[in-house]
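Colleague: All letters in the sequence shown, in the order written, are residues -15 to -1, 1 to 603 by mature numbering (1 follows the signal peptide of the UniProt record, and there is no 0).
Here a beta-carbon is modelled for each residue, glycine too, at the ideal position from N, C-alpha and C.
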Amino acid sequence: MKLRGLLTLAMTAQAVVTAAALIASYAVSGSAAPYRFGLPQLIALLASGVVAVLLARLCTRTIDAGQAADQARASTAPAQMTQAVIKTALDAFIQTDQTGSVLEWSFQAEALTGWTRQEAVGTDVVDLVVAEPLRAGFRQRMMRLVPELSDTPAGARFEVTLIHRNGDRILTEASSTALRLGERTIVNTFVRDITQKRAAEEQLIQAQKMEAVGQLTGGIAHEFNNMLTVITGTIEILADAVKDNPPLATITKLISEAADRGAALTSSLLSFARKQALQPAEIDVNELIEELTKLLLATFDKKIGIVTRFDGNVWLAYADRGQLSSALLNLAINARDAMLDGGKLTLTTRNVVFGVREALAVGAGYAGDYVEIEIADSGTGIPPPLLARIFDPFFSTKEIGKGTGLGLSMVFGFVKQSGGGIKVASEEGRGTTFTIYLPKAETSTLRPTGYDDRKIVGGQEIILCVEDDRDVRQYVTVQLESLGYKVVPAANATEALDIAAEGTAFDLLFTDIVMAGGMNGRELAEQIVAARPSLRVLFTSGYAYDSLHAQGRATMGAPLLRKPYRKAELARMLRRCLDTAVDSVGDPIPTPYSVQADVERFLRKQASEDDGATRLRK
Ligand SMILES: Nc1ncnc2c1ncn2[C@@H]1O[C@H](COP(=O)(O)OP(=O)(O)OP(=O)(O)O)[C@@H](O)[C@H]1O
Ligand SMILES: [Mg+2]
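1) Around the C-beta of I385, are 16 or more other C-beta atoms found within 10 angstroms, so that it is buried, or is it exposed?
2) Starting from E104, follow the alpha helix (DSSP H) in both directions and report where the run begins and ends.
3) Suppose you measure from the CA of L559 to the CA of A243; what does that come to, to the nearest Å?
4) What do you reckon, is the C-beta of I318 under 7 angstroms from a heavy atom of ligand 2?
5) Can G416 be considered in contact with ligand 2, in the sense that its beta carbon sits closer than 7 angstroms to one or more heavy atoms?
6) Once DSSP output is grouped into helix, strand and coil, what is the label at F399?
7) Is the number of C-beta pairs between the region 104 to 112 and the region 87 to 96 that are closer than 8 angstroms three or more?
8) By how many angstroms is the C-alpha of N271 removed from the C-alpha of G297?
9) Between the C-alpha atoms of V4 and L43, what's the straight-line distance to the nearest angstrom?
10) To the nearest angstrom, report how far apart T525 and A486 are at their CA atoms.
11) Going by DSSP in three states, S336 sits in which element: helix, strand or coil?
12) Nearest by alpha-carbon distance to G364: which of H149, T180, D286, L330 is it?
13) If you count every other CB in all the chains shown that lies within 10 Å of the CB of K383, and 16 or more means buried, which is it?
14) Could you pull out every residue in the same chain whose Cβ sits closer than 6 angstroms to the Cβ of Q308, ignoring the five residues on either side in sequence?
15) How many angstroms separate the CA atom of R551 from the CA atom of G218?
16) Measure the Cβ-Cβ separation of L301 and A426 and say whether it is below 8 angstroms.
17) Residues in its own chain within less than 7 angstroms of F491 by CB, not counting five upstream and five downstream?
18) Of the choices D82, T(-4), L27, whose alpha-carbon is the least far from that of A41?
19) Does DSSP put V2 in a helix, in a strand, or in coil?
20) Do you know whose CA, among G388, V356, A9, lies nearest residue 606's CA?
21) Please classify G340 as buried or exposed, where buried requires at least 16 other C-beta atoms within 10 Å of its C-beta.
22) Grouping DSSP H, G and I as helix and E and B as strand, with all else coil, what is T389?
23) From T417 to T101, what distance separates their C-alpha atoms?
24) Rounded to whole angstroms, what's the CA-CA distance from I375 to G392? Just pull it up for me.
25) When the Cα of L164 is compared with those of N173, E158, L371, which residue comes out closest?
26) Skipping 5 residues on each side, what residues in its chain have a beta carbon closer than 8 angstroms to that of V111?
27) Shortest alpha-carbon distance to I441 belongs to which of V514, A234, S467, Q188?
28) Check each candidate in L250, L223, L(-7), D49 and name the one with the smallest Cα separation from I236.
29) Against chain D, with Cβ distances strictly below 8 angstroms, would T217 count as a contact?
30) Can you tell me where the beta strand (DSSP E) holding L423 begins and where it ends?
31) Below 8 angstroms on the Cβ atoms is my contact criterion, and I expect F78 with A94 to pass it. Report the Cβ-Cβ distance as a whole number of Å.
32) DSSP has C44 in a bridge; who is on the other side?
33) Would you give the residue range spanned by the alpha helix (DSSP H) that Q181 belongs to?
34) Whole angstroms is fine: what's the gap from G388's alpha carbon to N319's?
35) Does the beta-carbon distance from G444 to G469 come in below 8 angstroms?
36) As a quick exercise: from A361, T214, L282, pick the residue whose alpha carbon is nearest that of D456.
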C-alpha cells in the first residue's frame, strides 16, 4: 500500500513538472510559433527528466529503508515468540549443549528443581538434578540419546526421577529434541512433574484391584456361609443324638470344629469383601484399647514394651466393637511378629477433622470428623515393593502355617465398610505405623438390653420365618421348634405377605434380607409392620452391605443375626427381640422388659420362700 502510494505520488509529480516545464517553454518562446518544438522545449523536457531521476532515487531509497525495517521486525519476532512460549509453558524448559552444560533454565525449571537460573546456567545438568548413584547411567543414556535425537526431528519422551534442591524425589516425564547448529548440538527438554499423577493412578489401580478381589471373595464366602449355616446348625442335633456313642460323638465334634474354622475363615473373607454384617455402636476407643493392652501385656514377650498415648477428649467412634477389637488385635499381632528381637508398640488415639482431599487420601468415605487410632511398631518394616500387596487376601510373608494372610485384608475391609479409612507408613529396619480412621459417632442409640449368654432360653411365641434357601429354612424351622416356638414358614416375601393378609397370628417376623424373587426382607418387614406396628422383627443375613449406613437402612434399625449362627445365638437374639418392650406404634419403651421379668421372678421366689417358711412353721 505504501509503495503504491509513493509511486502514484511520484508519477503525478513527474506529470505536473513536465506540463509546467512545457507551458513555461512556450511562454518563453512567445506566441509567434506556438506549436514548434525548439530549444526551450528541449530544456524543459531535460529538466523534467532530471526531476524524474531524482524522484526515482528518492522512491528507491524509501523502499529500501522500509524493507530493511520489515526485515529487522521479521528477524526479532520469532526470538520474542520463543521466549514467550518458554515463559508461559506449563512445563519446565531446560536447554543444554551436547555435553549437558545448561544454556537455558526457565522459571518453571526453577520452581520444579529449586535451583535458580543463575545457579543452573553453565553447570552440568546431570550433576544438578540427578541422584548421585544414577548419574553415570544417566550420562551414558544421554550420550546415546544425543546422536539419536539429532537424527530424529520428533525427539524422544521418557520418564526420569529428578532430585529437588531440598532432596525430595520428583518423578518427571521429559520430552527432548536436539538441534544441530553446525558443529554444535543443542538439546531442548520440556520436563513435567508427574509425581502426584502417578500416585493417584496407583491409588486408583489399587482400589480397583481391591474392589475386584473383594467381589470375588464376597461371592464365594456368601455361598459357603449358607452351607455352613446348615452344618453348624444341624451338627448340634446330631451331637445330641449320638452323645451316648463315644466314637460317633468324637466325629461330630471334629465336624463341628471344622465348621467353626470354616465360619471364621468366611467371616474374615466377608470382612475383606466389606460384606460382613456389622453391628455398629458408639465406642470409647480409649477404653477398648485399654482392655486390649491388658491382654497384650499378659501375652506378649516382655521384650516388647507397650505404650499408650490417649487423647482424653477423644470422640466416640461409630463402628462394630467386636470387629474393631479383632482388627486392632490383628495389627498388634503383626507388630509383634515384626519385633521378634523386642521393640516398642505404641497405641495412640486422637481426633481428626478431614477435608475432602485428606479423606480421599486415606480412602475414607467423606470429609468430616474421624477418630484416629495409630498402631506403631519399631520392627522390621515392610519393603516398598511389598507395601502395595499387604492388604491382598492370602498375602503373607510368614512361614506356611504361621499366617493366612487374611489379617490385614480383614482390617482393610472392616475399616472401609465402617465408612473409615486406613493408611500405612513403613521404613525398612525402622518400623511400621498403621493408622485407622473411624467415623465419629453422631447420635446416641438405644442400646439393647443385656442378656445372659450362658443359658439357652426358648419361648412359646409364634414366629413367621421367611427364608428362600430350602435347606436353611428347614434347619431354622427345626431349631425354632426345638426352642419351643411355633413356626409359620414362608419361602419368599410374597408367600409371607399372603400369610399375613390371611390374618394368621404371629409375634415375630424372622426374615432373611437378601432373597430371590423381587422383594427383599426389608421391604417385606416394612409392609407387614405397617399393618402390625408392634410386631417384632429379627433380620438375618450372611451377605450384608457396603457401609453401615446401608446396613442401617436395610434393617430399619432392627436387630440382625449374622449367618452362620449357632442355636444359642439364635435363641439369644429371639429373646432379645421378644423381650424388648414396644409401645402400640412399635417404638421401644426405654425401660427394659427384662427388669420387669426380673422383678416378677424375684417376687415369685419371695412368695415361694414365704410359702415354704409358712409350711415349715406349720
Ligand atoms: N507391622 C508389620 N511389620 C512388618 N510387616 C508387616 C506388618 N504388618 C503386616 N506385615 C506384612 O504384611 C503381611 C500380611 O499381613 P496379614 O496380617 O494380612 O497376614 P499375616 O499376618 O501374614 O497372616 P494372618 O494375619 O492371617 O495370620 C505379613 O505377612 C507381613 O509380611
Ligand atoms: Mg496378621
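Modeller: This is what the structure gives:
1) By the neighbour-count rule (16 or more Cβ atoms within 10 Å), I385 is not buried but exposed.
2) E104 -> alpha helix (DSSP H) spans 102 to 105.
3) Distance between the alpha carbons of L559 and A243: 27 angstroms.
4) Checking the Cβ of I318 against ligand 2 gives yes.
5) False, no ligand heavy atom lies under 7 angstroms from that Cβ.
6) It is helical.
7) Per the Cβ contact rule, the region 104 to 112 is in contact with the region 87 to 96 (3 or more Cβ pairs under 8 angstroms).
8) Distance from the CA of G297 to the CA of N271, rounded to the nearest whole angstrom, comes to 8 angstroms.
9) Looking at the sequence itself, residue 4 is Ala, so the reference to Val does not match. When rounded, the distance between both Cα atoms is 21 angstroms.
10) As the crow flies, the alpha-carbon of T525 is around 23 angstroms from that of A486.
11) As written in the sequence, residue 336 is Asn, which differs from the Ser given in the question. N336: strand per DSSP, three-state reduction.
12) Measuring C-alpha to C-alpha distances from G364 to each of H149, T180, D286, L330 identifies L330 as the nearest.
13) When all chains shown are included, K383 counts as exposed.
14) Only F399 meet the Cβ criterion.
15) Linking R551 to G218 through their CA atoms gives a straight-line distance of about 6 angstroms.
16) For L301 and A426, yes; Cβs fall inside 8 angstroms.
17) Taken in chain order, the residues that qualify are I447, I448, L449, V473.
18) Across the set D82, T(-4), L27, the C-alpha of T(-4) shows the shortest separation from the C-alpha of A41.
19) In the three-state DSSP reduction, V2 falls in the helix class (H, G or I).
20) The structure shown has nothing for residue 606, since the chain only spans -15 to 603.
21) With a threshold of 16 other beta carbon atoms within 10 Å, G340 falls short and is exposed.
22) T389 falls in the coil class under three-state DSSP.
23) Linking T417 to T101 through their CA atoms gives a straight-line distance of about 38 angstroms.
24) Roughly 9 angstroms separates the two Cα atoms.
25) Per the Cα distances, N173.
26) Excluding sequence positions up to five before and after V111, its CB lies within less than 8 angstroms of the CB of G85, R120, F123, R124, M127, all in the same chain and listed in chain order.
27) Of the candidates V514, A234, S467, Q188, the one whose C-alpha sits nearest the C-alpha of I441 is S467.
28) Ranking the options by Cα distance to I236, first place goes to L223.
29) The chain inventory of the structure shown lacks chain D, comprising one protein chain alone.
30) Element bounds for L423: 416 to 424.
31) Contact flag correct, Cβ pair sits at about 6 angstroms.
32) None, per the DSSP bridge assignment.
33) Run containing Q181: 180 to 226, per the alpha helix (DSSP H) assignment.
34) Distance between the alpha carbons of G388 and N319: 10 angstroms.
35) Contact: yes.
36) Nearest Cα to D456 within the set A361, T214, L282: T214.
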